[in-house]
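Q:
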Amino acid sequence: MPPKRAKSPPGKKGKDKKDAKAKSPGPPPPIEWDFRNIYAIGGWDGSEWTQSVEMLDSQGGSWTETASMNTRRYGCAACLLGDHIYALGGWGRNTALQRVERYDLNKKVWQFVPSMDSKREGCVAAVCENNMYVIGGFDGLDTLQSMERYDVKLGVWFAEPSMLSKRHCCSVAVVGKHIYVFGGWDGVRSLDSMERFDVETKQWQTMPSMTYARNWCAAAVIGNHIYAVGGRDGPLVLQSVERFDTTTGVWTNMQPLKSKRSGCAAIAVGKNVYAIGGWNWTSWLYTVEKLDTERGGEWDNVSSMIHKRGLLTVVLHQQEKTAKGKKGKDKSPPKKGKKK
């Protein structure tokens, strides 16, 4: 006869199961932020290029003026690295610019840093693995396919492998250890092609093309998805939006913008994509639209900028709260809010 099974001690029946259930982790609490600020930098207002900068508190605020750059520029690139916003290249007074300046987010001042090796207007900039890259553009004579990397500690620019194609007024996005560059103008036509750079192998690779050719379009990244927003194809100013899934390699058409926008800028804040400024063929814009990618539906109009701006660039600076409400870790994305 098999031995009898021991009875559970009084009051202990099922406790282990209940404890296991009680201890099972739930979904993480939503992140709270001290601030999530979008900076709109430089651009063209319809009559002149500008050095002004304005900032939007995306958590419910409105646009406010901040310190202006030292140099007027449109078609420049920008990115955030550490506690500094960098503005690179662009078009100045009748010339493409090599100049680079950076904004100290603590001291609230702009100062020049070493210039790039090449003049670059309509270039893009990105931060990947704590390195800053500037890619493509127009030097006043030719469309470029070259890339440079800036060593912040040394204050020196280094040449990096060139793209597979020449690209001016293109778009950029960073996902993982890859820099994606797409669209633009090669000196002859608008481009629908995409390529990506692996910062570890230092190799460029051709990627699936967009549905539409786009120059002066904007880009934003949410997770593994890259959004291509607006732009221009020849005489056509676009309001279409498409999204690239970096895991499947597929482009999908998304809800179009409310307004046609070429030379706009885009940035992702959480699950929202913002489309900022630009040109709709008849006028330069100060309007801003937002798409909630979780809720879906249409783009919504949100707080307009103070100034009309096209061919601008944007950067996101955000900081997470700690559990006790003190200032937490800076969670700004390690990449440029795509120019244009």
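Numbering (the UniProt record's numbering), first residue to last: 1 to 340. Ideal Cβ placement from N, Cα and C applies to all residues, glycine included.
#1: According to the neighbour-count rule (16 or more other Cβ atoms, all chains shown, within 10 Å of its Cβ), is E129 buried or exposed?
#2: Do you know whose CA, among G122, E298, N70, lies nearest W91's CA?
#3: Is it true that the stretch 149 to 156 meets the stretch 169 to 179, where meeting means three or more beta-carbon pairs spaced less than 8 angstroms apart?
#4: Mapping the DSSP letters down to three states, classify G140 as helix, strand or coil.
#5: What would DSSP say about Y212, mapped onto helix, strand or coil?
#6: Would you check if the distance between the CB atom of V134 and the CB atom of L88 is smaller than 8 angstroms?
#7: In the structure shown, what three-state DSSP assignment does A67 receive?
#8: Below 8 angstroms between beta carbons: does that hold for M254 and V269?
#9: Within this structure, are the beta carbons of A77 and V124 separated by less than 8 angstroms?
#10: Could you check the C-alpha separation between E320 and I31 for me, to the nearest Å?
#11: Given a threshold of 16 other Cβ atoms within 10 Å of its Cβ, counted over all protein chains shown, does D233 qualify as buried or as exposed?
#12: As an exercise, report each continuous alpha helix (DSSP H) stretch of at least 4 residues that is fully enclosed by the stretch 192 to 280, in chain order.
#13: Between the C-alpha atoms of H307 and W279, what's the straight-line distance to the nearest angstrom?
#14: May I have the straight-line CA-CA distance separating M132 from D117, to the nearest angstrom?
#15: Mark Q205 as exposed unless 16 or more other C-beta atoms lie within 10 angstroms of its C-beta, in which case mark it buried.
#16: Taking the straight line between their C-alpha atoms, what separation do you get for K336 and G296?
#17: For the beta strand (DSSP E) that contains C128, what are its first and last residues?
#18: Go through its chain and collect everything with a Cβ distance to W284's Cβ below 8 angstroms, but skip five positions before and after it.
#19: With a CB to CB cut of under 6 angstroms and the five nearest residues on each side skipped, what residues in its chain are close to R36?
#20: Mind checking whether R99 and T71 have CB atoms under 8 angstroms apart?
#21: On the criterion of 16 or more Cβ atoms from any shown chain inside 10 Å, does G140 qualify as buried, or is it exposed?
#22: Which residue's Cα is closest to the Cα of A266: G230, T282, F244, R102?
#23: Between the beta-carbon of M207 and the beta-carbon of R196, is there less than 8 angstroms?
#24: May I ask you to check if the CB of W44 is nearer than 7 angstroms to at least one heavy atom of the ligand ADP?
#25: Give the DSSP bridge partners of E101, in chain order.
A: On the basis of the coordinates in this document:
#1: exposed
#2: G122
#3: Contact between the stretch 149 to 156 and the stretch 169 to 179 is absent, because fewer than three Cβ pairs lie under 8 angstroms.
#4: Looking at G140 - three-state DSSP - the assignment turns out to be coil, as it is neither helix nor strand.
#5: If DSSP states are grouped into helix, strand and coil, Y212 belongs with coil.
#6: yes
#7: coil
#8: no
#9: Contact flag set, yes.
#10: 7 angstroms
#11: buried
#12: Within the stretch 192 to 280, no complete alpha helix (DSSP H) run reaches 4 residues.
#13: 13 angstroms
#14: 14 angstroms
#15: With fewer than 16 other Cβ atoms within 10 Å, it is exposed.
#16: Note on K336: pLDDT 49, under 50, position unreliable in the model; no value is reported.
#17: 124 to 128
#18: W44, D45, G46, G277, G278, K308, R309, G310
#19: Closer than 6 angstroms at Cβ, skipping near neighbours: S58, Q59, V269, Q318.
#20: yes
#21: With fewer than 16 other Cβ atoms within 10 Å, it is exposed.
#22: Answer by Cα proximity: G230.
#23: yes
#24: The model on display carries no ligand, and the ligand ADP is accordingly not part of it.
#25: Per DSSP, A87, F112.
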